[in-house]
Amino acid sequence: MVLVLSGVLQEEAPPDTRTLFHNHPVYKDSASQLLAIPTKVVGPVGLLYVQQRELAVTVPHDKNVNILGSDDATTCIIVVLRHSGSGAVALAHLDGAGTDEGVMNMVHRVQELALGYPEGRLELQLIGGYSDSRNYSEELFYNIMHSFHKQLVEIDLTLACVGELNTTIRGGIHWPILYGVGVNVKTGELFPATFPDKGPDQALRSARHLTGGQQVLDVYDCQLGLLRIGPFNYDPLRGVDLWLEQTDEFILQHLSTSPEVEPPHFVMQVRATLKYIQDHPFPAVTVFRDNRPHYYRRDENSGTWVPIRY
């Protein structure tokens, strides 16, 4: 009993987005405020990009990260959890895999970084997902709400730009309005965003969820200022050569939960990921030698992530 909706402690999590918006119209107002902000194109300098099935946590005085962000969310939901006193903030890109554990880790990490700040509350913001024909987003919303409701601390839902509030109709098809969001880690301000540069090791990181890796991985150590990828293994993908021979349309139809509304670069990214899996069927052997993560630090001159060489 720890979810707070429009200031009131709830006995149970909302069953669906429609009920939430009907019982608490305040969420329509906050969603429309977010949607009214022009979308920013965010470059790589000072950015920590979070991919699908990843989370990252940081604090306002982190000199390496100004913006936490994620995009390309169609049926996925981007989850932001912030402690209002300390400004410690977590962002995760959830798609239905590893939700419980991912939520638990977000709460734990933010609380850890907020230690010593007597004032403040945990504020939860959900962005993304839309009224898709298969109800993927609706089911994900329900699971995320339940995961947060199970936590032993009060969590205040302050924004839910999801479901019908993040849906527009074009040509008779439901489309998401927002695909991505950025968080200014200094101020906690949220804004619609796209990220042309999705950080290092993009194909490797995508390969993990394309091959069925279920965990939501924490990819950042804000104490050391290090972006950390792996180590992980994934199951070899049967027929990867066959996949790569297929048309773009075939890949779109079979490897997306929402083929009608994917961003234009979707197939290109999937092809790059399939190629990576073809080249590295066993990453534990060829990518993470000696079981070592890939570490990246912020380069002071360029402001981008550069690998740490051993």
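UniProt numbering numbers the first residue of the sequence shown as 1 and each following residue consecutively.
C-beta atoms are modelled at their ideal positions from N, C-alpha and C, and glycine is treated no differently.
Since the structure is predicted, the reported quantities are computational estimates derived from the model, not experimental observations.
Straight through space, the alpha carbons of Gly180 and Val41 are spaced by roughly 10 Å. Between the beta-carbon of Val4 and that of Glu154 there is about 6 Å, and that keeps the pair under the 8 Å contact cut.
Cα atoms of Leu152 and Leu226: separation of roughly 30 Å, rounded to the nearest angstrom. Counting the other Cβ atoms within 10 Å of the Cβ of Pro283 gives 16 or more, which makes it buried. In the DSSP assignment, Pro307 forms a beta bridge with Tyr296. For Met268, the number of other beta carbons within 10 angstroms of its own is below 16, and it is reported as exposed. The alpha-carbon of Leu47 is positioned some 9 Å away from that of Phe195. The DSSP assignment places 77-83, 89-94 and 122-128 as complete runs of the beta strand (DSSP E) inside the region 75-144, in order along the chain (cut-off: 3 residues). Around the beta carbon of Ser131, 16 or more other beta carbons lie within 10 angstroms, which makes this residue buried. Contact between the region 157-171 and the region 19-29 is present, with at least three C-beta pairs closer than 8 Å. Rounded to the nearest whole angstrom, the C-alpha separation of Lys28 and Asn301 is 43 Å. When C-alpha distances from Asp221 are compared across Arg298, Ser70 and Met145, the shortest belongs to Arg298. For Ala56, DSSP records a beta bridge to Leu91.
Residue burial annotation: Thr99 is buried, with at least 16 other C-beta atoms found within 10 angstroms of its C-beta. Ranking Leu252, Phe232 and Leu122 by CA distance to the CA of Val285 puts Phe232 first. The region 58-78 makes no contact with the region 201-216: fewer than 3 CB pairs, one atom from each, lie closer than 8 Å. For Thr273, same chain residues with a beta-carbon under 7 Å away, outside a window of 5 residues either side, are Ala203, Ser206, Ala207 and Leu210 in chain order. Between Ala88 and Val110, the gap from beta carbon to beta carbon is short of 9 Å. Distance from the Cα of Glu123 is smallest, within the candidate group Val80, Gly69, Pro38 and Glu12, for Val80. If you look at Val183, you'll find it isn't in any alpha helix (DSSP H); it sits in the beta strand (DSSP E) that goes Val181 to Asn184.
In the same chain as Leu217, and ignoring 5 residues on each side of it, the C-beta atoms closer than 6 Å to its own belong to Glu54, in chain order.
Within the model, the alpha-carbon separation for Tyr234 versus Glu119 is close to 43 Å. Selection Ala114, Ala97, Tyr142 and Asp197 evaluated against Gly43 yields Asp197 as nearest (Cα-Cα). With a beta-carbon spacing of about 12 Å, Phe191 and Ile78 fall beyond the 8 Å limit used to define contacts.
Distance between Pro259 and His280, taken at the CA atoms: about 27 Å.
When only Cα atoms are considered, Glu164 and Arg309 end up about 47 Å apart. DSSP links Leu157 through a beta bridge to Leu5 and Leu124. Of the candidates Pro176, Val270 and Ala56, Val270 places its Cα closest to the Cα of Glu245. Counting of Cβ neighbours within 10 angstroms places Asn166 among the buried residues, the total reaching 16 or more. As computed with DSSP, Ile67 is found in a beta bridge with Leu47 and Asn184. Counting the other CB atoms within 10 Å of its CB gives Asn291 a total below 16, which places it among the exposed residues.
Beta-bridge annotation (DSSP): Tyr220 is paired with Leu227. Residues of the same chain with a CB within less than 8 Å of the CB of Ser133, apart from the 5 flanking positions on each side, are His174 in chain order.
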